[in-house]
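Protein chains in written order, with UniProt numbering: chain L, 1 to 259; chain C, 1 to 394.
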Amino acid sequence: MSRDERAAGPAGASTGASAAGPAAAATPGATGEPVPAFEAIGLTRSYRLDGGVLVDALRGVSLRIGQGEFAAIAGPSGSGKSTLMHLLGCLDRPTSGTLRVNGVDVATLDDAGLAELRNRTIGFVFQSFHLLARTSALDNVALPLVYRSVSRAERRERAGAALEAVGLGHRLTHRPSQMSGGEQQRVAIARALVGDPRVLLADEPTGNLDTRNGEEVMGLLERLNEGGVAVVLVTHDAEVAARARRRIHVRDGRIERDT
Amino acid sequence: MRTAEALRMAVEALRVNRLRSTLTMLGVIIGVFSVVILVAIGTGAKNAVEKEISGLGSNIILVVPGQVGLGAAPTQSRLDLSDVAYVRRVVGDPSRVTVAVNSGEPVRVGRVEVFATLTGTDENMPHVFDRPLRRGRYLSETDVDTRRRVVILGSEVAAKLFGDVDPIGRQVTIAGVRFRVIGVYETVGSTFGVARDQEVHLPVTTAQRLIGLPRINGIAVGASGPDEIESLRQRVVAALDARYPGETFSAVTQTQLLGTIGTVLGMLTGVLAAIAGISLLVGGVGVSNIMLVGVRERTKEVGLRKALGARGRDILGQFLIEAVLLTTIGGVIGILTGVGGALLIQAVSPVPASITWWSIVLAFGVSAAVGVFFGVAPARRAARLDPVVALRTD
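Laid out in structure tokens, this is it:
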């Protein structure tokens with residue numbers, strides 16, 4: 001997709017003021033209830049294609065995902081589930097509607113504020129792992145901490161602990177090319193975890209894995225969820241979606257079913 | 001993100017693409033190398049010429065008939081020895097005025113023959129010019145008055161004709177006439193392409209008879225100090241103009257020569273440096289080009305870094321530091337090879353080279369600036385990448 005396609009662009013993109021910061025957001029709201037991890041009200045997202053045709057990828061999505069939930073966003077390809085995940089992950093801004101991540105309205109954040117929110121609140125796991133090829137597992141995992149100005153020694157220590165937590169304590173110096181797909185995805189999960197996020201956003205985490213490795217990764221995500229991290233899976237695989245406690249079905253840019 | 005971290009990433013990125021980084025650097029290296037070495041040669045030439053001019057002696061005014069300057073036709077001299085006497089009266093101190101009659105003749109000893117520049121002059125020559133003797137004596141008043149057939153040899157002429165033998169008191173033959181050697185000059189090098197060590201000095205009167213013309217080529221006047229040069233110059237020219245109405249005489253001072261030549265050589269150095277600078281610019285374009293390739297190749301990495309929390313300026317910094325690192329490493333290598341090259345040229349060839357600190361500082365500064373200038377566009381492109389789009393790139 002080119003720059004032009006996205007020209008329909010996010011509403012209220014740079015209203016500045018990241019002063020409220022994501023750190024303050026973890027505190028419970030005024031009602032005394034804990035703030036939800038995600039709260040979306042009437043989210044839409046439109047793209048303008050090269051030909052000038054406007055495509056509505058999301059047509060008004062409202063949902064709430066609480067802290068510590070395990071939810072799957074399911075739907076066929078083209079349903080808008082990836083767009084929804086990009087919005088939840090603050091990689092993109094909605095065309096209209098309100099999105100609060102951990103209580104912070106993303107419309108109030110500038111790009112640097114969004115980056116900080118991603119860095120501290122969200123851990124990403126991608127279908128194709130997205131590891132840096134020539135970098136060791138340890139340094140791959142430590143990457144998010146680089147953008148938090150954590151010292152090198154502490155980064156390595158925390159990255160080591162995160163790799164230990166996903167059962168790869170013996171693979172610290174290995175490069176992605178020296179590891180199996182399952183191991184690579186576990187490195188990616190360790191990287192998502194290293195910054196102690198509130199939410200793991202996993203986009204087809206088992207899509208590139210065989211059954212056994214996929215099973216292993218799903219087990220790992222479940223264990224992490226039991227530890228208190230909210231997990232949001234995006235998948236078109238009904239079997240994977242079935243393992244989540246909550247399933248949100250998306251079709252044609254709308255939530256079709258939420259069980 | 002800390003600067004140290006960005007630097008580490010940049011080093012890593014350059015290391016991964018070692019060949020590509022080296023080739024890109026080569027453009028900068030060649031540019032900086034050329035700037036440093038050409039400025040060194042230009043400055044060296046300027047220094048050498050200035051040294052030559054001041055090596056003549058101090059506060060010298062050269063008086064020649066006609067107009068001196070580019071495009072001026074050579075003038076047939078109408079000055080003779082009476083004019084020298086006239087100038088001596090004008091100056092007031094006869095010992096500060098000397099004369100030159102020039103010709104070129106082969107000088108022979110036995111079967112050895114050397115072509116030399118013959119200069120007829122007088123006993124005052126050493127008072128005006130700085131021309132130390134190695135052996136023997138200068139011309140005397142009697143030598144000039146009695147047209148003695150005596151010569152003083154330049155060091156090169158002496159070495160070619162006599163080798164290790166002491167030439168004092170020996171005979172040389174010039175145009176069939178035999179001369180006795182009374183002195184040998186120290187080696188002094190050349191001035192304006194005149195190899196002064198290939199000169200042979202003889203009494204001006206003897207030279208005029210040898211050539212068969214009573215003319216002289218020029219008069220040299222030594223001022224008593226730098227403050228007197230200009231007023232003396234004007235006085236001498238005015239006096240000669242009064243003596244020969246309608247004729248032109250030129251009097252050139254060392255300061256004028258230094259000024260003119262210094263300006264010309266300074267400009268030449270500037271032009272050389274500018275041409276070399278263009279190659280540095282081309283090197284910079286190469287850096288820009290390769291950085292654009294790098295950004296395109298690493299689009300997905302940029303997307304990932306952004307997803308993990310990198311801000312636009314973190315990405316900008318990463319790529320900018322990479323570009324600057326590329327050019328400054330190239331700059332340092334260029335400076336080292338340039339300095340080495342200049343020293344080598346000086347050691348093995350007659351071309352003088354003088355390394356100036358400003359050319360090194362400038363070369364380094366410019367190569368860093370080239371990195372920033374040519375790195376900014378690719379780095380901004382990377383910083384503005386949309387993470388969603390970037391992550392999807394294959």
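Virtual Cβ for every residue (Gly too), placed ideally from N, Cα, C.
Where DSSP assigns a beta bridge to residue i, which residues make up the other side?
i	result
Leu161 of chain C	In DSSP, Leu161 of chain C forms no bridge with anything.
Glu113 of chain C	C:Arg108
Phe70 of chain L	L:Val231
Leu200 of chain L	L:Gly123, L:Val231
Arg100 of chain L	L:Glu39, L:Asp105
Glu199 of chain C	C:Thr117
Ser190 of chain C	C:Ala195
Leu62 of chain C	C:Ala220, C:Val252
Using only the alpha-carbon positions, how far apart do residue i and residue j sit?
i	j	result
Ala369 of chain C	Ser54 of chain C	40 Å
Leu385 of chain C	Val287 of chain C	20 Å
residue 395 of chain C	Val184 of chain C	As displayed, chain C neither begins before 1 nor continues past 394, which places residue 395 of chain C out of reach and without an answer.
Arg296 of chain C	Asn225 of chain L	37 Å
His249 of chain L	Ser128 of chain L	23 Å
Pro22 of chain L	Asn119 of chain L	Confidence at Pro22 of chain L is low in this model, with a pLDDT of 44, below 50, so its placement is unreliable and the value that follows should be read with caution. Rounded to whole angstroms, Pro22 of chain L to Asn119 of chain L spans 10 Å at the Cα level.
Ala48 of chain C	Pro350 of chain C	11 Å
Arg8 of chain C	Asn17 of chain C	15 Å
Arg64 of chain L	Ala192 of chain L	22 Å
Pro28 of chain L	Arg148 of chain L	Low confidence applies here, because Pro28 of chain L scores a pLDDT of 47, under 50, leaving its location unreliable; read the following figure in that light. Rounded to the nearest angstrom, the two C-alpha atoms are 24 Å apart.
Leu281 of chain C	Ala323 of chain C	14 Å
Thr173 of chain C	Ser95 of chain C	30 Å
Arg212 of chain L	Ser180 of chain L	12 Å
Ile345 of chain C	His174 of chain L	51 Å
Ala158 of chain C	Val109 of chain C	10 Å
Val165 of chain C	Ala220 of chain C	33 Å
Ala10 of chain C	Glu301 of chain C	14 Å
Ala244 of chain L	Met218 of chain L	10 Å
Ala4 of chain C	Met267 of chain C	43 Å
Ala25 of chain L	Asp210 of chain L	Since pLDDT at Ala25 of chain L reaches only 44, below the 50 mark, its modelled position is unreliable, and the value read off the structure follows with that caveat. Ala25 of chain L and Asp210 of chain L: Cα-Cα distance of roughly 39 Å.
Thr45 of chain C	Ala347 of chain C	It should be noted that the sequence gives Ala, not Thr, for residue 45 of chain C. One C-alpha to the other measures close to 15 Å.
Thr259 of chain L	Asp314 of chain C	41 Å
Gln198 of chain C	Gly154 of chain C	5 Å
Gly80 of chain L	Ser151 of chain L	39 Å
Gly283 of chain C	Ile30 of chain C	8 Å
Ala251 of chain C	Gln234 of chain C	8 Å
Gln184 of chain L	Leu172 of chain L	12 Å
Glu228 of chain C	Val204 of chain C	27 Å
Can you tell me where the alpha helix (DSSP H) with residue i in it begins and where it stops?
i	result
Val28 of chain C	18–55
Ile211 of chain C	204–211
His86 of chain L	81–88
residue 262 of chain L	Because residue 262 of chain L is not part of the residues shown, which for chain L are 1 to 259, the question remains open.
His249 of chain L	Element bounds for His249 of chain L: not the alpha helix (DSSP H) but the beta strand (DSSP E), 246–251.
Gly371 of chain C	357–383
Leu81 of chain C	81–91
Asp139 of chain L	137–146
Val389 of chain C	387–392
Leu163 of chain L	152–165
Do you know whose CA, among the options, lies nearest residue i's CA?
i	options	result
Glu204 of chain L	L:Ala241, L:Ser180, L:Asn225, L:Thr173	L:Ala241
Ala353 of chain C	C:Val32, C:Thr187, C:Thr43, C:Gly66	C:Thr43
residue 404 of chain C	C:Val351, C:Leu320, C:Arg2	Because residue 404 of chain C is not part of the residues shown, which for chain C are 1 to 394, the question remains open.
Gly277 of chain C	C:Leu362, C:Leu326, C:Val252	C:Leu362
Gly123 of chain L	L:Gly60, L:Gln184, L:Thr98, L:Gly195	L:Gly195
Phe156 of chain C	C:Pro245, C:Leu280, C:Val200	Correcting the residue type first, residue 156 of chain C is Glu in the shown sequence and not Phe. Checked all of C:Pro245, C:Leu280, C:Val200; the closest Cα to Glu156 of chain C is C:Val200.
Leu210 of chain C	C:Val151, C:Ala220, C:Gly169	C:Val151
Gly303 of chain C	C:Phe373, C:Arg381, C:Gly330	C:Arg381
Ile41 of chain C	C:Ala342, C:Val366, C:Val372, C:Leu62	C:Ala342
Arg223 of chain L	L:Gly68, L:Gly207, L:Asp50, L:Gly113	L:Gly68
Leu260 of chain C	C:Glu50, C:Thr24, C:Ile61, C:Ser21	Note that residue 260 of chain C is Thr in the sequence shown here, rather than Leu. Taking only the C-alpha atoms, the option nearest Thr260 of chain C is C:Glu50.
Arg180 of chain C	C:Glu186, C:Thr187, C:Gln171	C:Gln171
Ala310 of chain C	L:Ile255, L:Leu49, L:Leu145	L:Leu145
Gly227 of chain L	L:Glu215, L:Gln178, L:Ala165	L:Ala165
Ala307 of chain C	C:Val28, C:Ala383, C:Ile168, C:Leu38	C:Ala383
Val389 of chain C	L:Ser62, L:Gly66, L:His86	L:His86
By the DSSP assignment, the beta strand (DSSP E) with residue i in it spans what residues?
i	result
Thr44 of chain L	38–48
Gly183 of chain C	177–185
Val144 of chain C	Val144 of chain C -> not in any beta strand (DSSP E); alpha helix (DSSP H) instead, spanning 141–145.
Leu224 of chain L	Here Leu224 of chain L belongs to no beta strand (DSSP E); instead the alpha helix (DSSP H) covers 211–226.
Leu63 of chain L	54–65
residue 395 of chain C	Nothing about residue 395 of chain C can be reported from this structure: the residues present for chain C run from 1 to 394 only.
Continuous alpha helix (DSSP H) assignments of at least 4 residues falling wholly in the stretch 288–330 of chain C:
299–307
Contiguous alpha helix (DSSP H) assignments of at least 4 residues, all confined to the stretch 219–280 of chain C
229–243
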